[in-house]
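Going by UniProt numbering, the sequence shown wraps up at 471, each residue one higher than the last.
Take a look at the structure set out below.
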Amino acid sequence: MNSSSALEVQSWLRDISPSKIEVGNPRKDSIDLTVLGVCTGTGLGRLDCALVRFGQKSPSAPLRVKLQQFDSIPIPASVRSSVINYLRVDRCRSKPAPHLDDLLGSLFSGGIKTFCRKHGIETSSVDLVGTHSEAMKTSNAWYNIDGAQEQLLHWNAIVAAETGISTVYDFAIVERAVVRPHVHPTTYVDRILLRHPSKFRVCLNIDEIANLSFIPAHGDDDACAAMSHDVGPGSLLIDYAMRYCTSNDQSEDHDGKVGSLGKVHHDIVDRFLDSHDYLRSPPSRNIATEMFGDHEAQQLIDECLYSNMSEVDTLATITRVTAQNILKQYRRLLQVFFPPGQKVDELFICGSAARNSNIIDYLESELPESVITKPLRDIGIPGDAHEAVCYAYLALEAVLTQTMQDTETPLEPSSAYPKAGTIRSRFVPGRRWGDLVSNVLEFSGGQRIHVATDVRITGSLEAAVQGMDIR
1 MNSSSALEVQ SWLRDISPSK IEVGNPRKDS IDLTVLGVCT GTGLGRLDCA LVRFGQKSPS
61 APLRVKLQQF DSIPIPASVR SSVINYLRVD RCRSKPAPHL DDLLGSLFSG GIKTFCRKHG
121 IETSSVDLVG THSEAMKTSN AWYNIDGAQE QLLHWNAIVA AETGISTVYD FAIVERAVVR
181 PHVHPTTYVD RILLRHPSKF RVCLNIDEIA NLSFIPAHGD DDACAAMSHD VGPGSLLIDY
241 AMRYCTSNDQ SEDHDGKVGS LGKVHHDIVD RFLDSHDYLR SPPSRNIATE MFGDHEAQQL
301 IDECLYSNMS EVDTLATITR VTAQNILKQY RRLLQVFFPP GQKVDELFIC GSAARNSNII
361 DYLESELPES VITKPLRDIG IPGDAHEAVC YAYLALEAVL TQTMQDTETP LEPSSAYPKA
421 GTIRSRFVPG RRWGDLVSNV LEFSGGQRIH VATDVRITGS LEAAVQGMDI R
């Protein structure tokens, strides 16, 4: 966020300071906010947009969540190429070019307007937008001496200016007052949405990168046992192989149909995984944007070509590399971070590649019969919408917790919430920012708002049993 935006936020907070709200004064009965989560992966193929409604009667009441609309907006090839070219050039610079800010700002604001127009949504009805682009992680530059991103996300100011919607961005998880930059922010939401009173659950998110979140039951004495970790390629290698084998005509193996026609070369799979430890070294994100690059995706394809394998056999083998690696890292993490013999009750699967039947069938055949695999839709969130919904939730959580402070530093855990994680983020105020902050401060009654621990999702099978709904 640029300095003028930061000063504006702090000015709002001083004008509506919690100290000016006497505890015990009448406040609004509830909050009812509509938040749009917008995100794109490293490959910049589409913008995922999820419009989510959040309702809460009081800070201690259950937070009710309803996904109102989800859609993926394709990114024009010309725009994608321009952004990728700027990212490639800017990796050698100390700061990103202003043109990159302009491109990303127009890309996101245009996508938001397209989404709203397509579904008959007035932008003025949206209280917040939470944005994220995995493509920006391909750069290893643009950091200041404190390790913070510097002048990297100014494009969010363009989003706020062109849509009029207050924009929240640059999310990071904070645990015990320490920023966890290597933990993907969406895993924070997974822990909240999936924690169960008695079941040990795991969430497998298979997007370009696969991620596993291990979520012990509520009754676990050590709540910090919940942990998350990126475990290697999700759709990354498969998408690259599809682009290679179809001369860029197709970029995804929809439902795993192409890979299902081929035969797996098991020796290639084993050799590749023996030489790539994805818990220690993540895959190159350049795989999503560079053909014929010096990275493991091309090396894997070259080995398949050397073995005179057909295109469908190549796809089948690379799909098995992905699935077998996920299973390998699942077992390693479970063994290293949890007590011996720890049983997993349920494995929720989501993400763009969760529809690839080759991956899912392999996992189900190798996992113990006691592990029940479920789609994330069972809790009311379609698998494709997972990340966009998470960024909508993160935007809400950040505003609820950070508007109680005069700075952007996150809340430190209190004695009552010693293990509570929080979200650090930055804001660009939109047209109704002042009204939003006033609403939150009145809702809180001048008290800290802690992370919601009781979240109920409309459309969830579990919620349906209990007769829950947003009104």
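Yeah, the Cβ is synthetic: ideal placement off N, Cα and C, and Gly gets one too.
- In the DSSP assignment, H229 is bridged to L212.
- With fewer than 16 other Cβ atoms inside 10 Å of its own Cβ, P368 counts as exposed.
- Within the region 318-376, the runs of alpha helix (DSSP H) that reach at least 4 residues and sit entirely inside it are, in chain order, 357-366.
- Contact between the region 239-250 and the region 165-173 is absent: fewer than three C-beta pairs spanning the two stretches fall below 8 Å.
- Excluding its 5 nearest sequence neighbours in each direction, Y393 has C-beta neighbours in its own chain below 6 Å: V189, listed in chain order.
- Counted as a single uninterrupted DSSP element, the alpha helix (DSSP H) harbouring Y391 occupies residues H386 to Q402.
- In this structure, V129 sits near L36, with a CB-CB distance shorter than 8 Å.
- A check of alpha carbon separations from H265 across F348, S235, N286 and L305 identifies L305 as the nearest.
- V168 is not a Cβ neighbour of A388, given a cutoff of 8 Å.
- Counting only residues of its own chain and dropping the five nearest sequence neighbours on each side, I359 has a CB closer than 8 Å to the CB of I206, G256, T319, T322, A323, I326 and A353.
- Per DSSP, L279 lies in no alpha helix (DSSP H) and is assigned neither H nor E.
- Residues F54 and D127 of the same chain have their beta carbon placed closer than 6 Å to that of L33, with the five preceding and five following residues left out of the count.
- Taking C-alpha positions only, L237 is separated from D361 by approximately 18 Å.
- By a beta-carbon distance limit of 8 Å, Q68 contacts L51. Their separation comes to about 5 Å.
- Assigned with DSSP and collapsed to three states, P185 falls in helix.
- Taking all protein chains shown into account, V336 has fewer than 16 neighbouring C-beta atoms within 10 Å of its C-beta and is therefore exposed.
- Between the region 282-300 and the region 190-204 there are fewer than three C-beta pairs closer than 8 Å, too few to call the two in contact.
- Closest option to P216, judged by alpha-carbon separation, among H132, R377, L347 and V38: L347.
- Following the DSSP letters along the chain, one finds A50 inside the beta strand (DSSP E) bounded by residues R46 to Q56.
- Closest in alpha carbon position to W433, among A385, H218 and S166, is S166.
- As the crow flies, the alpha-carbon of D277 is around 21 Å from that of T314.
- Looking only at C390, S133 and I112, the smallest Cα-Cα distance to T123 is reached by I112.
- The beta carbon of C116 sits closer than 6 Å to the beta carbons of T123 from its chain, once the five residues preceding and following it are set aside; these are given in chain order.
- The beta carbon of P62 sits closer than 6 Å to the beta carbons of D454 and R456 from its chain, once the five residues preceding and following it are set aside; these are given in chain order.
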